[in-house]
Amino acid sequence: MLQVNTIGKIYQNGTHALADITLQVEDGEILGIIGGSGCGKSTILRLISGLDRATQGTISVDGVTIVEPHPYIGLVFQEPRLLPWLSVSDNIGFGLNEPDNVLKKQRIDEALEKVGLSRYGTRWPKELSGGQAQRVALARALVTRPRVLLLDEPFSALDAFTRAELQEHVLDLWNESRPTLVLVTHDIEEALFLADRVAVMRPHPGRIAETFDIALPRRRDRTSPEFEEAKRNILRSLNTTLTSHKIAAQ
Ligand code: ADP
Ligand code: MG
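Converting from the sequence shown to this note's numbering requires adding 215 to each position, the first position being numbered 1.
Structure representation (structure tokens):
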């Protein structure tokens, strides 16, 4: 289980990015975190991934406190962040600590296959489309077989069609090994399509305003009345958090 216990983050320049964030994500659960730009979504994921430290509170996975990056925790950023001078396979293997080269290649090929890019290992990043590059980024996160996978607006730079396709793909991948997933997005539909629970954030400092259980059976029909209703509820919550913030700022 992933536990985020009353964490706060104040950056060195004094920016109060997060306050009092408490989250519990069960093994195999998909948590969506939604909120406007600047409300601390990426900060939460960086803290969970161990890339940065909270100024208050603790984060643990299966009771182990996270103080640095861990192979059990994978992170996919908004942009693919591939190294242009390495092939697709080498990008995926870059952070994989496997001294046996045969095993390493097997792991890389397995990850490539998972994201549907089996024949792309020898390509260069610049030869990939945006959607393919983000699939490689996903493979790079999957190659360590993470138990917790963090996705930071992973599809927001892609066109609507590719985005929907990758959302389906993430669901397939999740179905195979059921990792715990934390998906940050500003796309309500994306959160609703994937998540068991959606946490709505409000900014300055970033807090969780409200959490919704999404009990709709999968695969979810984006056009069903139940889906539309859930969308309205989250939109209402987002609008409330924005309005109350504006009032507070006056
Ligand atoms: P989001 O991902 O929701 O857009 P972020 O987590 O990136 O939000 O940022 C939350 C707040 O923290 C913003 O006000 C942002 O300007 C600030 N911030 C993010 N990273 C840093 C940093 N390294 N140093 C100082 N302030 C930062
Ligand atoms: Mg962000």
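Beta carbons: idealized from backbone N, C-alpha and C, even for Gly.
All figures in this text were calculated on a predicted structure; none of them were measured in a lab.
- Message: Could you check if residue 371 belongs to the surroundings of the ligand ADP, using beta carbon to heavy atom distance under 7 Å?
- Response: no
- For the ligand MG, any of its heavy atoms closer than 7 Å to the Cβ of residue 368? yes
- Message: Please report the straight-line C-alpha distance between residue 300 and residue 351, rounded to a whole angstrom.
- Response: Their Cα atoms are separated by approximately 15 Å.
- Task: Pick helix, strand or coil for residue 407, following the three-state DSSP scheme.
- Result: helix
- Task: Compute every distance between the C-beta of residue 256 and the non-hydrogen atoms of the ligand MG, then say whether any falls below 7 Å.
- Result: yes
- Query: What number of angstroms, rounded off, separates the C-alpha of residue 429 from the C-alpha of residue 271?
  - Reply: 30 Å
- Query: Applying the criterion that 16 or more other CB atoms from any shown protein chain within 10 Å of the CB defines a buried residue, is residue 363 buried or exposed?
  - Reply: Burial call: buried.
- Task: Using the DSSP secondary-structure output, state which residues sit across from residue 427 in a beta bridge.
- Result: 413
- Query: Nearest-angstrom Cα distance between residue 418 and residue 437?
  - Reply: 28 Å
- Query: Per DSSP, residue 238 is paired with what?
  - Reply: 219
- Anticipated Cβ contact below 8 Å, residue 398 with residue 366, distance rounded: 5 Å
- Query: Within 10 angstroms of its Cβ, does residue 309 collect 16 or more other Cβ (buried), or is it exposed?
  - Reply: exposed
- Identify the residues that DSSP records as bridge partners of residue 231: which are they? 225
- Verify whether the separation of the beta carbon atoms of residue 217 and residue 395 is less than 8 Å. Yes; because the gap between Cβ atoms is below 8 Å, this pair is in contact.
- Taking 7 Å as the cut-off, is the CB of residue 234 close to at least one heavy atom of the ligand ADP? no
- Query: Using DSSP with H/G/I as helix, E/B as strand and the rest coil, what is residue 381?
  - Reply: Residue 381 falls in the helix class under three-state DSSP.
- Would residue 323 pass as a contact of residue 336 if the rule is Cβ separation under 8 Å? Less than 8 Å separates the beta-carbon of residue 323 from that of residue 336.
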